[in-house]
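Asker:
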Amino acid sequence: MSNYAKTILSCYPSLDSVIKQIENLIKKRVKYSFYDYSSTLALAQKLIALTEIKDDLIDLKLICENTINSLCDEDKTLLKFKYFKIIPNGEFDHTSRNYFRKQNRALIKFL
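Following the numbering used here, the numbering of the sequence shown begins with 57 at its first residue and continues without gaps.
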């Protein structure tokens with residue numbers, strides 16, 4: 057289960073751009089649908105599938121945000137440092153042995 061959490065945290069920063077790209081793709085497909093020689097039903101099914109993917113990604117982003125916001129400040133800092141490459145201000149010791157234990161604990165809490 058932790059592999060899914062790691063994957064979600066790794067792709068989280070790029071979810072906004074992926075959602076925008078899918079939205080642009082939907083707009084282009086609608087705009088240039090006149091030149092598509094497939095049936096209207098097939099085109100509608102493609103657009104619905106793209107819209108469902110976009111909605112699923114938005115839901116994933118919101119769930120991830122809510123889960124991260126529900127963590128304590130230390131766990132948020134650890135996850136943001138590891139997965140989002142956000143360097144925290146102030147004292148932060150990422151060289152000690154406790155860092156890796158805390159990192160694993162924060163990932164378990166994220167689950």
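Each residue gets a CB set at the ideal place from its N, CA and C atoms; glycine is no exception.
Mind checking residue 100: buried by the 16 CB within 10 Å criterion, or exposed?
Answerer: Counting Cβ neighbours within 10 Å, residue 100 comes out exposed, since fewer than 16 surround it.
Asker: Between the Cα of residue 83 and those of 70, 102, 124 and 162, spot the shortest distance and give me the residue it belongs to.
Answerer: For residue 83, the nearest C-alpha among the options comes from 102.
Asker: Under the assumption that residue 65 contacts residue 139 (Cβ atoms under 8 angstroms), give the Cβ distance between them as a whole number of angstroms.
Answerer: At roughly 4 angstroms, the Cβ-Cβ gap stays under 8 angstroms, so residue 65 and residue 139 are in contact.
Asker: How big is the Cα-Cα spacing for residue 145 and residue 131?
Answerer: Rounded to the nearest angstrom, the two C-alpha atoms are 15 angstroms apart.
Asker: Considering only the alpha carbon of each residue, which of 152, 116 and 133 lies closest to residue 61?
Answerer: Checked all of 152, 116 and 133; the closest Cα to residue 61 is 116.
Asker: Assuming residue 76 is part of the alpha helix (DSSP H), what are its boundary residues?
Answerer: From DSSP, the alpha helix (DSSP H) with residue 76 extends over 71-87.
Asker: Taking the beta carbon of residue 118 as the centre, do at least 16 other beta carbons fall within 10 Å, making it buried, or is it exposed?
Answerer: Answer is exposed; the Cβ neighbour count stays below 16.
Asker: Quick check: what's the CA-CA separation for residue 160 versus residue 113?
Answerer: If I take the Cα positions, the gap works out to 26 angstroms.
Asker: On the CB-based measure, 16 or more other CB atoms within 10 Å of its CB, does residue 135 come out buried or exposed?
Answerer: Answer is buried; the Cβ neighbour count reaches 16.
Asker: Report yes if the CB atom of residue 123 is closer than 9 angstroms to the CB atom of residue 166, and no otherwise.
Answerer: Their beta carbons are under 9 angstroms apart, which means residue 123 touches residue 166 by this criterion.
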